[in-house]
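Below is one structure, written out as C-alpha cells; comments come after it.
There are 2 protein chains.
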Amino acid sequence: MTSFQEKSGTLPVDCVACRASIEDLCKDCALAIRQVLVGYKLGDRTIKAGDDLFRPAEPCAALYFIFEGWMFLYSLIEDGRRQILHFALPGSLLGLYPGRTAIYGVEALTNAVVCAIPHEHLGPLIEKHPGIGLRLAWTVWRERNLAYDRLSSIGRRSARERVARLLLELFVRYRMMWPAYRSEEMHLPLTQEHIGDATGMSGIHVNRVLRGLRNEGIVEFHYRRLRILNPDRLVDIAGVDPQTILSWTERYPST
Amino acid sequence: MTSFQEKSGTLPVDCVACRASIEDLCKDCALAIRQVLVGYKLGDRTIKAGDDLFRPAEPCAALYFIFEGWMFLYSLIEDGRRQILHFALPGSLLGLYPGRTAIYGVEALTNAVVCAIPHEHLGPLIEKHPGIGLRLAWTVWRERNLAYDRLSSIGRRSARERVARLLLELFVRYRMMWPAYRSEEMHLPLTQEHIGDATGMSGIHVNRVLRGLRNEGIVEFHYRRLRILNPDRLVDIAGVDPQTILSWTERYPST
DNA sequence: CGGCCGTTTGAATGTTGTCAAGTACGGTGG
DNA sequence: CCACCGTACTTGACAACATTCAAACGGCCG
Numbered sequence: 001m002t003s004f005q006e007k008s009g010t011l012p013v014d015c016v017a018c019r020a021s022i023e024d025l026c027k028d029c030a031l032a033i034r035q036v037l038v039g040y041k042l043g044d045r046t047i048k049a050g051d052d053l054f055r056p057a058e059p060c061a062a063l064y065f066i067f068e069g070w071m072f073l074y075s076l077i078e079d080g081r082r083q084i085l086h087f088a089l090p091g092s093l094l095g096l097y098p099g100r101t102a103i104y105g106v107e108a109l110t111n112a113v114v115c116a117i118p119h120e121h122l123g124p125l126i127e128k129h130p131g132i133g134l135r136l137a138w139t140v141w142r143e144r145n146l147a148y149d150r151l152s153s154i155g156r157r158s159a160r161e162r163v164a165r166l167l168l169e170l171f172v173r174y175r176m177m178w179p180a181y182r183s184e185e186m187h188l189p190l191t192q193e194h195i196g197d198a199t200g201m202s203g204i205h206v207n208r209v210l211r212g213l214r215n216e217g218i219v220e221f222h223y224r225r226l227r228i229l230n231p232d233r234l235v236d237i238a239g240v241d242p243q244t245i246l247s248w249t250e251r252y253p254s255t
Numbered sequence: 256m257t258s259f260q261e262k263s264g265t266l267p268v269d270c271v272a273c274r275a276s277i278e279d280l281c282k283d284c285a286l287a288i289r290q291v292l293v294g295y296k297l298g299d300r301t302i303k304a305g306d307d308l309f310r311p312a313e314p315c316a317a318l319y320f321i322f323e324g325w326m327f328l329y330s331l332i333e334d335g336r337r338q339i340l341h342f343a344l345p346g347s348l349l350g351l352y353p354g355r356t357a358i359y360g361v362e363a364l365t366n367a368v369v370c371a372i373p374h375e376h377l378g379p380l381i382e383k384h385p386g387i388g389l390r391l392a393w394t395v396w397r398e399r400n401l402a403y404d405r406l407s408s409i410g411r412r413s414a415r416e417r418v419a420r421l422l423l424e425l426f427v428r429y430r431m432m433w434p435a436y437r438s439e440e441m442h443l444p445l446t447q448e449h450i451g452d453a454t455g456m457s458g459i460h461v462n463r464v465l466r467g468l469r470n471e472g473i474v475e476f477h478y479r480r481l482r483i484l485n486p487d488r489l490v491d492i493a494g495v496d497p498q499t500i501l502s503w504t505e506r507y508p509s510t
C-alpha cells in the first residue's frame, strides 16, 4: 500500500530552480508563479527502481510531477501480459483528477523522485492562476497525441518499424532534456522485455529485430546502452515525419 | 482547402440547450456560463459524410465541438494504410492549441455539425472562467485514457478480443448519449474496413472474426446495424473490467 | 567462483495478411 | 416495379510474419 503522505523529507525539491517538472506549466510565467506552486505542494517522494508509484486500480490521491528518474505507465491483463503505455521522463504529469482509481500503474525504471500536489489544492490553484489550467490541458493534450502516434505505430507497422520508432522517441525526448550532451549515445534503462511490452511484441522478437538493426549499422542496444549509428536511416525506418518528431519535444507556446 | 470561416448560417446551434457539446465543460456550471460560451463561438459548420473537417498536417485554426454526427480521427502512412485513432461522438473536442498543424485528420462518418471557438478566444475565456480550464484538461485526460485502453487492446490482445472491445466501446459510448433507447441494437455507421483500421487488422480478417462472434451468438454486425446478443460474453471476450467501462462514460466530477 | 538475470539463437507452431474470386445489399434511373 | 451498378461483404488457399518453447550464452554482483 503506497501513500503520498510518507514524504521523503530527506530530499526537498527546489521548485523555483526546478527545470524539469514545472517547465511546461510555467516556462514564461513569472518566477512568482513557481513560488506559488511551492505553497500548493504537499511534499516529495522517492521511489526505488522497480517499485510502483501506484498500481493499476489503486486510488491515486495526488497529482505528481516527476522531478528525477525514469518511470513508465503500464496496464496488465488477466493472463499476466503487460502493455507499456508511456515512458515518463522528468516533467511528466502523473495522476490527474480526484476520487478516481487509475486504470494503469506507474513503475519506476530507475530510482526516482516525484513531487505531489494534492487534488484538493488544484481547484484553488487554478482559480488564482487561470493560465495554469490551460497549460495543464496542453500538457495532457501532448500526451494524448503521443499516445495516438504509438497507436498508429503498433496498429499499422511492422515489428522493425515499431522498435525503430520507440528507440527514436526515447532518444529524442531524452536528448531534449540534456541538450548539452550532443552525443548519439545514451543510457536507456530498459530491458528488451520492456521494449516488447511497449511495442506490442514478444521480447524474443525484439531481440531478433535489434540484431537486424545492429547488423545494418543503424542502432545498437545492448545492456541498457543505446547508440544511434545512423540517425537518418532510423528516422526513415520509424516512418515518422520530422513534423511529428518535433511535436514530441515542443513546449507550451509562449504568446 | 477547408476553412472554418465558411459558416453554415442555416443551422445556428443553440448552445444554451445543447446537450452534447457543452455537457462535460458545463454540466453543473450555471446556465450563465453556457451563455458566455455563445459569445466566444465563431459559428457552426456542417460536414458531409466522407468529408474531412481537417486533413493530416493541415493547420487547424479553431477548437471544435461536435454538435451532431459521428466523426473519426485518423493518421495515414506513406503506403496509404490508415490507422483510426478515435471515434468522436457528439461532445468530443476536436482541435486544441493554436499555430500547430494537427498530426491527424478528422473525417465525418455521417453528416455532422460542429461548432467552433477560435483559438484566440480561448485565453480570454479561461481568464474569465478558470473552472473551464480544468474541465478542458479533464476532457483531454479522458481521451488520453481511452487512447491508453486502445493501446493495450491493440498491443496485447488477439484479433477477436480487439474487435469485441471496439464494438463494446462504441456501444457503451453511444448508449450513454441516448439512454432512453435501452435497446441492444444500434446504428453503427462503419464498414468492416473502418473496424480493421481502428483495431490494427485487415478488413478481411475483421470479417472472419465477426463471423465467429455471430456464429457463437455474441454480436451481429451487418451493414451498419449492430446487435448485441450476449452482452456478458462480449464484455468477457473484450477483457475490460467494469471499472474501465465506466470510465468511458463518466462525466466531470461535480464537487 | 557461482548464481542470476538478461540476452541470443534455432525449430516448430500459430495467427494474421494477401490475393483472388464470388455474393449480397442498397440506391438510382428507367 | 425492375434492372442495373457500385460498394461492401464473404470465402478459400497460400504466404508472411510473429509467438512460443527450449536451450545455451554473457555479463554482473555477491
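Residue numbers (the numbering used here), protein chains in the order written: chain A, 1 to 255; chain B, 256 to 510.
Built from N, CA and C at the ideal position, the CB exists for glycine as well.
At a Cβ threshold of 8 Å, is residue i touching chain B?
i, result
"Val140(A)", "yes"
"Ala164(A)", "no"
"Tyr104(A)", "yes"
"Glu207(A)", "Checking the displayed sequence, the identity of residue 207(A) turns out to be Asn instead of Glu. It does not; no Cβ of chain B falls within 8 Å."
"Trp248(A)", "no"
"Gln83(A)", "yes"
"Tyr174(A)", "no"
"Ala116(A)", "no"
"Leu89(A)", "no"
"Tyr148(A)", "yes"
"Pro242(A)", "no"
"Glu263(A)", "Nothing about residue 263(A) can be read from this structure; chain A reaches only from 1 to 255."
"Ala32(A)", "Its pLDDT being 47, under 50, Ala32(A) is placed unreliably by the model, and the measurement read from it follows with that caveat. By this cut-off, Ala32(A) is not an interface position."
"Glu101(A)", "Inspection of the sequence shows that residue 101(A) is occupied by Thr rather than by Glu. Closer than 8 Å to some Cβ of chain B, the Cβ of Thr101(A) qualifies, so yes."
"Leu134(A)", "yes"
Any beta carbon of chain A sitting closer than 8 Å to that of residue i?
i, result
"Pro385(B)", "yes"
"Leu481(B)", "no"
"Ala392(B)", "yes"
"Glu278(B)", "Any reading at Glu278(B) must be qualified, since the residue scores a pLDDT of 49, below 50, and its modelled position is unreliable; no value is offered."
"Leu423(B)", "no"
"Tyr478(B)", "no"
"Ile332(B)", "yes"
"Ser407(B)", "yes"
"Arg411(B)", "yes"
"Lys282(B)", "For Lys282(B), the predicted model reports a pLDDT of 48, less than 50, meaning its position is unreliable; a value from the coordinates is still stated below. Cβ-Cβ to chain A under 8 Å: no for Lys282(B)."
"Ile381(B)", "yes"
"Gly511(B)", "Because chain B here runs from 256 to 510, residue 511(B) falls outside it and cannot be looked at."
"Gly494(B)", "yes"
"Leu468(B)", "no"
"Leu364(B)", "no"
In the DSSP assignment, what are the bridge partners of residue i?
i, result
"Glu107(A)", "Asp52(A), Phe72(A)"
"Leu226(A)", "Met186(A), Phe221(A)"
"Leu348(B)", "Phe320(B)"
"Thr356(B)", "Pro314(B)"
"Arg82(A)", "Leu76(A)"
"Arg45(A)", "Val114(A)"
"Ala88(A)", "Met71(A)"
Identify which residue in the options has its Cα closest to the Cα of residue i.
i, options, result
"Val206(A)", "Asn215(A), Arg214(A), Ile195(A), Leu146(A)", "Ile195(A)"
"Phe322(B)", "Ile332(B), Lys383(B), Ala371(B)", "Ala371(B)"
"Ser202(A)", "Glu424(B), Pro486(B), Arg411(B)", "Arg411(B)"
"Leu167(A)", "Leu136(A), Val219(A), Trp141(A), His119(A)", "Val219(A)"
"Glu193(A)", "Arg175(A), Leu213(A), Phe221(A), Ser183(A)", "Phe221(A)"
"Ala343(B)", "Pro373(B), Asn366(B), Ile332(B), Thr356(B)", "Asn366(B)"
"Pro373(B)", "Ala453(B), Leu364(B), Leu349(B)", "Leu349(B)"
"Ala304(B)", "Asp452(B), Ala363(B), Ile459(B)", "Ala363(B)"
"Glu424(B)", "Thr446(B), Val395(B), Thr454(B)", "Thr454(B)"
"Leu445(B)", "Thr301(B), Ser408(B), Trp325(B)", "Trp325(B)"
"Ser347(B)", "Leu489(B), Phe327(B), Asn470(B)", "Phe327(B)"
"Glu333(B)", "Glu185(A), Arg144(A), Ser153(A)", "Ser153(A)"
"Asp197(A)", "Arg208(A), Leu76(A), Ile47(A)", "Leu76(A)"
"Thr499(B)", "Phe54(A), Asp232(A), Thr101(A)", "Thr101(A)"
"Gly105(A)", "Gly131(A), Glu127(A), Tyr74(A)", "Tyr74(A)"
"Asp232(A)", "Gly212(A), Arg165(A), Asn145(A), Val113(A)", "Arg165(A)"
"Met432(B)", "His341(B), Trp503(B), Arg399(B), Thr394(B)", "Trp503(B)"
Measuring from the CB of residue i, is there a heavy atom of the ligand HEM at a distance below 7 Å?
i, result
"His205(A)", "As for the ligand HEM, it is missing from this structure, which has no ligand bound."
- Task: Please go through the stretch 373-426 of chain B and give each complete alpha helix (DSSP H) segment of 4 or more residues, from N-terminal end onward.
- Result: 374-383, 385-411
- Give a yes or no on contact between the stretch 369-378 of chain B and the stretch 331-343 of chain B, applying the rule of three or more CB pairs nearer than 8 Å. no
- Take every Cβ of the stretch 490-500 of chain B, pair it with every Cβ of the stretch 412-420 of chain B, and state whether three or more of those distances are shorter than 8 Å. yes
- Query: Is there contact here, the stretch 396-415 of chain B with the stretch 313-320 of chain B, by at least three beta-carbon pairs under 8 Å?
  - Reply: no
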